[in-house]
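What follows is a set of notes on a single structure, which appears directly below.
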Amino acid sequence: MKRLTWLMATGFCLWGFASWGQGTVEGTVKNIFNQPITNVSVYARPAFSSIPFYIGVSDAAGAYRISGIPGGSYALFTQTGTDNPYLDEWYNDVPGEPFSQPDGVTLVTVVNQATNSGINFVLDQGGGLLGLVTNDAGDTLTGVEVTAFNSNQVNQGSVYTDTVGIYQFEKLRSGTYTLRAQSLGTPYLAEWYEGVTAIQGSQLPPPEATGVIVTQGNVRTGISFGLTEGGQISGSVSNHLGQALPGISLQVFNQSGQQIGSGFSSFDGSYSVQGLFPGPVFIGTSAGAQNFINLWYGGEPRALATTGGVPVIVETSAQTSGVHFVLSPGAVLQCTVKDEADGALSGVNVWLYRRPDVLFKSALTFLDGRVTIKGLPSGEFYLLTDSASVRAEWYQDLPVLVGGRVPGGSEPIWLQINQTSTVTVVLDRAGAISGAIEDQAGHSLTGIPVTLINGDGVWLGQTNSGSEGNFRFGGLSDHAYFLLAGGADVSGTGYRLTWYGGEDASHTPGPAGQAIALAPGESVSNLQFALANGAGITGTVTIGGGPALVGEAVRVYSATTGLAVAEATTDGNGAYRISGLAPGNYLIRTAVDGDAGLADEWYPGIAVTSSVPDGASVLAITGLVGDLSAHFSIEPGVLLSGRVTGHGQPIGEVALDLLDAAGQPFRTNLLTDPEGYFIIQGIGTGSYYLRTREEQGFVNEWYQGVPVTSTVVGVGASLISVQQPYALTNLIFDLASGHSVTARVVNAQDDPIAGAFVAACTETGETLARATTDSNGFVVVRGLPPMHVYLRAEALPAPYQHTWFSHAPAFYATVPAEAVAIHAASGVSGIHTITVAAAEVSITDTRKGTTFYWNGEAGRTYLVESVLNLGEPWAIAPYGGATSERPRLISDTGGEVSYQIPGTSTSRTQFLRIRLAD
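Per our numbering, residue 156 is the first one in the sequence shown, and the count goes up by one each step.
What follows is the structure, given as structure tokens:
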């Protein structure tokens, strides 16, 4: 009864009798010796669908019977359960896991009122692994987790050692496996078979691990582990009076910022953190709700960063003792957050920063709008508040910049230990945009996607129209916005993608249409869309022409602009429908999740790289209704894997970029795990370049060993040629330490400029590396190859303009002739001073139009006005379709702002002025 209840609750169809007008499937489940296997569930599932299921269970003779199946084609498979040593399969003799249909399945045709007999399964017994886990002294270890990975590095499950240290795997398919033993919370280090120490948190088998061959029906024995005891850190935690502090959390981080251990101080203040990997680590305290200043070892106050203070050297099987902490009481900040009507605001984020951009602590306000933050050191703090219902701002009504950096002119809050300070923040209610979606006959449309976009073309959010066609966006600041609506409603009817104002969006790069300008706290309502019907594209996506690919994306692009305009997800049969397309030419491709390991295609059957290939077919839509067809049969892609090290030591969190043979980005920002390993799946047949992109002081490289000196593929970089479906492994990067240059950013009065970015650039203006100036204006830019670089100060506070070393204004990304090159090489030192000046307006005049440049103050809104004769009233300057042709501009981060007069150059005299509009 429990089994029946569970199956019905999950939506399966289970019938215990032959229903009138429906068919039956029956057969046997036996082993290779023709012996019956009892209590095996046999499922019948409609071909290429996920539900419903029909089920029977084998009896003592191995016989099963599934009744009440509607006529149609079905795939059958077994589910043996955890207590059964036999491997599951699909009919007819196709190995595979339950509910995940493999290639080669034989479908069974069910006819109403008829019985299909002889649908038999012969199951193989799985292979096994058995071994012993001990420590280096030979003592058996209980409760150690042993995990098996197959040859594709996929986790196949874990088992645990028993009271005598023995572990055993059953039901493994024939193949090669790598094994890992780990015992979290104990003194022992994780280990890969055979004798390869693992880094805590790593999930991928390293190349050094020894594979173990397993054969179905046989048990492989003697696969044993001898775990090494890791390092240990011990010490004590006390207060400034020498009294023990119990219950203080100690957290240990490696150099990549990954937490690798933790512990708590006991009643006498002592603590111990064990099972640590050898090498330098950082350890800090976390006092929770107690009013103590958290510290890194060495006495540095601990912010929310994951490294800091003095590193502690950990050695294998050794204890590093004497790592003591003396905590002092901190300052307390009590913050009350209200709205302009004096109402309490709950759930508001309160963030405390120390200059220039160090986030120190954060908390949420309670129902009364209050929050208390304890354990703060003495000094200046900058307070930021934000939530969905109010305008985010810095203390004293300063706007929020992109990236959360403290803006120039911010007023700090001074805190003193052993004292409680109080502040009250009054926040403006945020603005809102709302309206309704209708068809051209005036009927409300439900479920239509509506997208909010800012003036820079950044998508800020999406919602679907409600039952009355209504939509709303809240939490908005005083900026200009654009709205985009269209797609399929709840009935599946497609409507053309349209900008607010009525302009077609399928072949128009955005943002476009009518801008919606919000004043502070303003709500704009009654914005109406009247959408026209659109045509569609339908089809199916399968794996190699067989199993349906379920839940993956298919994406349509405008052949005119190259921009994606619509997307749909395949259903349980692998079918999709994209609707609401305006007349025009389109391209279509799959967009499968990278973890699926399948290679995407452009229609019809052309491998996806970074750009549209010549063989991709253009689908022409000429009417407003009707569907075109495009079917896909995609294959498993290539798997690339390897490792990134620095001087032989693993480097975690390194980004890798994969480029096509033309040097265009294909896959970007692929990160290594904490042990430096990476996997890239689903790559189509072709040739690619691979490069690193890290910011830890090493020189980035193209594979193999060519330093990155530009975004252009370096001379000598190796093309990696791959052929589906084969894997290419052991791609190794061993990065060398880079050179560094030191700079200081000051103004004309020699005052330091803190929080500015200084970029080291190539002669074409491409950024190789960058860093942020400290409170004294100093910065060290690291990880540079031996070459000439140009320094550019950017993201400066108002009123300073971007500047090249030495003293050349940076109006453009290209390096001006006045900029001075610096040679990054061994033995080259010195401090390069960049003196930044106040902004000036500059003008360029080309056949594309006249453009004005000036340096904007962060967070301010500017309005460009024009007049033909100075005696006439000023009016808003001409508004064009391009982003650069909009006369209302917002300087989010400060720095260069520009406005281009729409149209071509003209000799007509006109006057323009630039004024603040906020």
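Heads up, the beta-carbon is just placed ideally off N, CA and C, and yes, glycines get one too.
Check: Applying the 10 Å Cβ sphere with the 16-neighbour rule, what's the burial state of L539?; Outcome: buried
Check: Contact defined as beta carbons within less than 8 Å: I believe I403 pairs with T440. What is the distance between those atoms, to the nearest angstrom?; Outcome: 5 Å
Check: Around the C-beta of I192, are 16 or more other C-beta atoms found within 10 angstroms, so that it is buried, or is it exposed?; Outcome: buried
Check: Roughly how many whole angstroms lie between the Cα atoms of V436 and A754?; Outcome: 41 Å
Check: Express the C-alpha separation of Y452 and T461 in angstroms, rounding to a whole number.; Outcome: 13 Å
Check: Which runs of the beta strand (DSSP E), 3 residues or longer, sit entirely within the region 909 to 964?; Outcome: 912 to 916, 922 to 927, 933 to 939 and 942 to 949
Check: In chain order, what residues of the same chain have a beta carbon less than 6 Å from the beta carbon of P250, not counting five sequence neighbours either side?; Outcome: E244
Check: Leaving out five residues before and five after T289 in sequence, what residues of the same chain have Cβ atoms less than 8 Å from its Cβ?; Outcome: T295, L296, G320, S379, F380, G381 and L382
Check: With a threshold of 16 other CB atoms inside 10 Å of the CB of G624, please say whether the residue is buried or exposed.; Outcome: buried
Check: Is T919 closer than 9 Å to V970 when the C-beta atoms are compared?; Outcome: yes
Check: Starting from the Cα of V896, find the closest Cα among L639, V863, V944 and Q878 and give me that residue.; Outcome: V944
Check: According to the neighbour-count rule (16 or more other Cβ atoms, all chains shown, within 10 Å of its Cβ), is W1009 buried or exposed?; Outcome: buried
Check: Taking only three categories from DSSP, how would you classify E973?; Outcome: coil
Check: Give the C-beta separation of C490 and V513 to the nearest angstrom, bearing in mind that I take them to be a contact with Cβ-Cβ under 8 Å.; Outcome: So it is not a contact: roughly 19 Å between Cβ atoms.
Check: So is E363 buried or exposed if we call it buried at 16+ other beta carbons inside 10 Å?; Outcome: exposed
Check: Would you mind listing the beta strand (DSSP E) stretches within the region 335 to 407 that are 3+ residues and don't spill past its ends, in chain order?; Outcome: 367 to 369, 380 to 382 and 386 to 394
Check: Would DSSP call E1040 helix, strand or coil?; Outcome: helix
Check: Is it buried or exposed, G293, if we count other Cβ atoms within 10 angstroms and call 16 or more buried?; Outcome: exposed
Check: Three-state secondary structure (DSSP) at Q746?; Outcome: With the sequence shown as reference, residue 746 is identified as Ala, and Gln is not the correct amino acid for it. Three-state DSSP puts A746 in a strand.
Check: State the DSSP-derived secondary structure class of Y844, mapped to helix, strand or coil.; Outcome: strand
Check: For A723, list the residues DSSP reports as bridge partners.; Outcome: V709
Check: Which same chain residues end up closer than 7 Å to N885 when comparing Cβ atoms and leaving out the 5 residues on each side of it in sequence?; Outcome: P362 and G797
Check: For Q669, which residues from the same chain have a beta carbon less than 6 Å from its beta carbon, with the 5 sequence-adjacent residues on both sides left out?; Outcome: Y655 and G656
Check: K493 bridges to which residues according to DSSP?; Outcome: A499 and V581
Check: Would you kindly check if the distance between the Cβ of K529 and the Cβ of N446 is under 9 Å?; Outcome: yes
Check: Please report the Cβ distance between I692 and V711, rounded to the nearest whole angstrom; I am assuming they are in contact, meaning their Cβ atoms lie under 8 Å.; Outcome: 6 Å
Check: Classify N267 as buried or exposed, calling it buried when 16 or more other Cβ atoms lie within 10 Å of its own Cβ.; Outcome: exposed
Check: What distance in whole Å lies between the Cβ atoms of Q859 and S873, which are believed to be in contact at a cut-off of 8 Å?; Outcome: 5 Å
Check: Please report the straight-line C-alpha distance between G818 and Q323, rounded to a whole angstrom.; Outcome: 49 Å
Check: From A547 to I806, what does the alpha carbon distance come to, in whole angstroms?; Outcome: 36 Å
Check: Applying the 10 Å Cβ sphere with the 16-neighbour rule, what's the burial state of T928?; Outcome: buried
Check: Please determine, among A635, G524, E949 and T990, the residue with the shortest C-alpha to C-alpha distance to S961.; Outcome: T990
Check: Are there 16 or more other CB atoms within 10 angstroms of the CB of Q804, so buried, or fewer, so exposed?; Outcome: exposed
Check: Taking the CB atoms as reference points, tell me whether L795 and L814 lie closer together than 9 Å.; Outcome: no
Check: Do you know offhand how far N189's Cα is from T237's?; Outcome: 22 Å
Check: Going by alpha carbons, who is nearest to A723 out of Q474, T695 and P768?; Outcome: T695
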